[in-house]
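Student: Have a look at this one before I ask anything.
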Amino acid sequence: MNSIAIRAEGHTVRIPSRRRRGTAWVHAATDMTFSAHRGRVHAIVGESGCGKTTFASAILGMLPAGTVAGGRLDYVDASGARTPLTAGLDGAARAAALRGRVIGYVPQSPATYLTAVRTVGSQLQETVRELGGAASPQELLAQVSLEPGALDAFPHELSGGMLQRAAIAFALAGGPDVLLADEPVSGLDPDLARLTLGMLRSVADSGTAVILITHDLQRLMDSGTADEVSVMYAGRIVEAGPAAEVLGLPAHPYTRDLLAALPANGLQAMPGTSPELTDLSEEYSYADRLMAAEQPEGNYAC
Ligand SMILES: Nc1ncnc2c1ncn2[C@@H]1O[C@H](COP(=O)(O)OP(=O)(O)OP(=O)(O)O)[C@@H](O)[C@H]1O
Ligand code: NI
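In full-length UniProt numbering, the protein residues as written are 1 to 302.
Below is the structure:
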């Protein structure tokens, strides 16, 4: 069986952003190479605004209209057949067909996708029916450690942590080959975060390719959930590899600085500031940020 489920090669995304004087371009992804394997958890980490959610949108074929995509971003089925996910409108249509059934998605703000006026159970039942899933709503809730009583609850009756787990149940409803979770543990207390990451681990262990987007390196390390880690900076993957290597012996200065900024490692402030991705120079790298941080007056020169 082919084990790569999502494969990016030179994946590049430019999103148009209208300005008073013409169009500016958001450099949301540049030359990204990435593989997510069935049975493994691949974490994508990086500061706010580096392009993590945009990469998720690309995988889901949900990039904004007018976006220009380059390189390749494919779903690869178990036989090795590739479905391009960003190849123009056609790609978006194909990606839409995969969404839910083949690629399950846990959105960054799970509260927003549920209707307030219907119970969780009726919405989950409908999702299972639409996607032709094999698991019942009861089984899906059990998989994410929610009591069956949650089926009769309205979304506002669930706590933030319960909603986040319900979001995972919805994402699993179609029995997906890939699970894409965008910040699934943000805002959760440590015990719930551990439980949720453990769930994602079991989903991977059952054969699904799990892509876990997070900016919480500490929880990622403590949980040992990830097999691989890709570190994103300003739309690029600056370092990738086995989690123990990337987080234990980081090779890139950006990864080292991210780790040094963790409370457990002394809370050293990140040097300088994250760049705006709008009209970013093609050659921009972390070295530019380090240089600007050393010469703060340079920030005022232009
Ligand atoms: N539709 C859009 N139009 C214009 N700019 C966009 C659009 N979508 C994303 N961006 C920009 O792309 C950049 C990357 O955003 P993205 O949401 O992917 O970052 P992120 O890494 O997920 O951040 P966070 O950790 O805060 O969720 C940001 O500068 C954002 O403003
Ligand atoms: Ni995001």
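All C-beta atoms in this analysis are idealised placements derived from N, C-alpha and C, irrespective of residue type, glycine included.
Express the C-alpha separation of A28 and T54 in angstroms, rounding to a whole number.
Tutor: Position 54 of the sequence shown, counted from the first residue, corresponds to residue 54. Position 28 of the sequence shown, counted from the first residue, corresponds to residue 28. Taking the straight line from one Cα to the other gives about 7 Å.
Student: In chain order, what residues of the same chain have a beta carbon less than 8 Å from the beta carbon of F31, not counting five sequence neighbours either side?
Tutor: Sequence index remark: in the sequence shown, residue 31 carries index 31 (1-based). The displayed chain sequence assigns Asp, not Phe, to residue 31. The answer, listed in chain order, is G10, H11, T12, G71 and R236.
Student: For V68 and A135, I'd like the C-alpha separation in whole angstroms.
Tutor: Position 68 of the sequence shown, counted from the first residue, corresponds to residue 68. Position 135 of the sequence shown, counted from the first residue, corresponds to residue 135. Distance between the alpha carbons of V68 and A135: 38 Å.
Student: Counting pairs of Cβ atoms below 8 Å between the segment 246 to 260 and the segment 219 to 234, do you hit three or more?
Tutor: Segments in contact, yes.
Student: Between residue 306 and G80, what straight-line distance do the alpha-carbon atoms span, to the nearest angstrom?
Tutor: Missing from the structure shown is residue 306; the chain here goes from 1 to 302 and no further.
Student: Would you grab the beta carbon distance between L85 and I44 for me? Rounded to a whole angstrom, and I think it's under 8 Å.
Tutor: If you number the sequence shown from 1, residue 85 lands on position 85. If you number the sequence shown from 1, residue 44 lands on position 44. Their Cβ separation, rounded to whole angstroms, is 16 Å, which puts L85 and I44 out of contact at 8 Å.
Student: Check each residue's C-beta against every heavy atom of ligand 3 and list, in chain order, those closer than 7 Å.
Tutor: Ligands in the displayed structure: ligand 1 and ligand 2; ligand 3 is not one of them.
Student: Please list, in chain order, all residues of the same chain as Y113 whose beta carbon is under 8 Å from its beta carbon, the five residues on each side excluded.
Tutor: Locating residue 113 in the sequence shown gives position 113, counting from the first residue. Taken in chain order, the residues that qualify are P107, A167 and F170.
Student: Need the endpoints of the beta strand (DSSP E) that L212 sits in, please.
Tutor: As a working note, residue 212 is residue 212 in the sequence shown. L212 -> beta strand (DSSP E) spans A209 to I213.
Student: With DSSP as the reference, label F170 as helix, strand or coil.
Tutor: By 1-based counting over the sequence shown, the position of residue 170 is 170. Here F170 sits in helix by DSSP.
Student: For the alpha helix (DSSP H) that contains F55, what are its first and last residues?
Tutor: Within the sequence shown, residue 55 is the residue found at index 55, counting from 1. Start and end: K52 to I59.
Student: If you follow the alpha helix (DSSP H) that V185 is part of, which residue opens it and which one closes it?
Tutor: On the sequence shown, residue 185 is found 185 positions in, with the first residue counted as 1. First-last for V185: undefined, no H or E at that position.
Student: Quickly, what does DSSP pair L73 with across the bridge? List them, please.
Tutor: Stepping through the sequence shown from its first residue, residue 73 is reached at position 73. The partner list for L73 (beta bridge, DSSP) reads A8.
Student: Return yes when the C-beta of P110 is under 7 Å from any heavy atom of ligand 1, and no when it is not.
Tutor: In the sequence shown, the residue the question calls residue 110 occupies position 110. Checking the Cβ of P110 against ligand 1 gives no.
Student: Check for me: the alpha helix (DSSP H) holding M221 runs from which residue to which?
Tutor: In the sequence shown, counting from the first residue as 1, residue 221 sits at position 221. Unbroken alpha helix (DSSP H) run through M221: L217 to S223.
Student: Going by other Cβ atoms of all chains shown within 10 Å of its Cβ, with 16 needed for buried, is H156 buried or exposed?
Tutor: In the sequence shown, counting from the first residue as 1, residue 156 sits at position 156. H156 comes out exposed.
Student: Evaluate R38 with the Cβ neighbour count: other Cβ atoms within 10 Å of its Cβ, from every protein chain shown; 16 or more gives buried, anything less gives exposed.
Tutor: Mapped onto the sequence shown, residue 38 falls at position 38. It is buried - the Cβ of R38 has at least 16 other Cβ atoms within 10 Å.
Student: Hey, could you find the ends of the beta strand (DSSP E) T86 is sitting in?
Tutor: Within the sequence shown, the letter at position 86 stands for residue 86. Element bounds for T86: n/a, residue is neither H nor E.
Student: Given this structure, state the Cα-to-Cα distance separating T273 from L290, to the nearest angstrom.
Tutor: Locating residue 273 in the sequence shown gives position 273, counting from the first residue. Locating residue 290 in the sequence shown gives position 290, counting from the first residue. If you take the alpha carbons of T273 and L290, they lie about 9 Å apart.
Student: Label residue 305 either buried or exposed according to how many other C-beta atoms from any shown protein chain fall within 10 Å of its C-beta, with 16 as the threshold for buried.
Tutor: Absent from the structure is residue 305, since the part of the chain shown begins at 1 and ends at 302.
Student: So E239 is in the beta strand (DSSP E); what residue range does that whole segment cover?
Tutor: Position 239 of the sequence shown, counting from 1, holds the residue named residue 239. Its beta strand (DSSP E) spans residues R236 to P242.
Student: Taking DSSP's pairing of strands, which residues face F34 in a bridge?
Tutor: In the sequence shown, counting from the first residue as 1, residue 34 sits at position 34. The partner list for F34 (beta bridge, DSSP) reads A8.
Student: Is the Cβ-Cβ distance between D288 and A24 less than 8 Å?
Tutor: As a first step, residue 288 is located in the sequence shown; it is residue number 288 there, counting from the start. As a first step, residue 24 is located in the sequence shown; it is residue number 24 there, counting from the start. Not a contact, by the Cβ cut-off of 8 Å.
Student: Spell out the partners DSSP gives P16 in its beta bridges.
Tutor: Along the sequence shown, one-based indexing puts residue 16 at 16. Looking at the DSSP assignment, P16 forms a beta bridge with W25.
Student: Roughly how many whole angstroms lie between the Cα atoms of I15 and G187?
Tutor: Walking along the sequence shown from the start, residue 15 turns up at place 15. Walking along the sequence shown from the start, residue 187 turns up at place 187. Looking at the two C-alpha atoms, the distance is approximately 29 Å.
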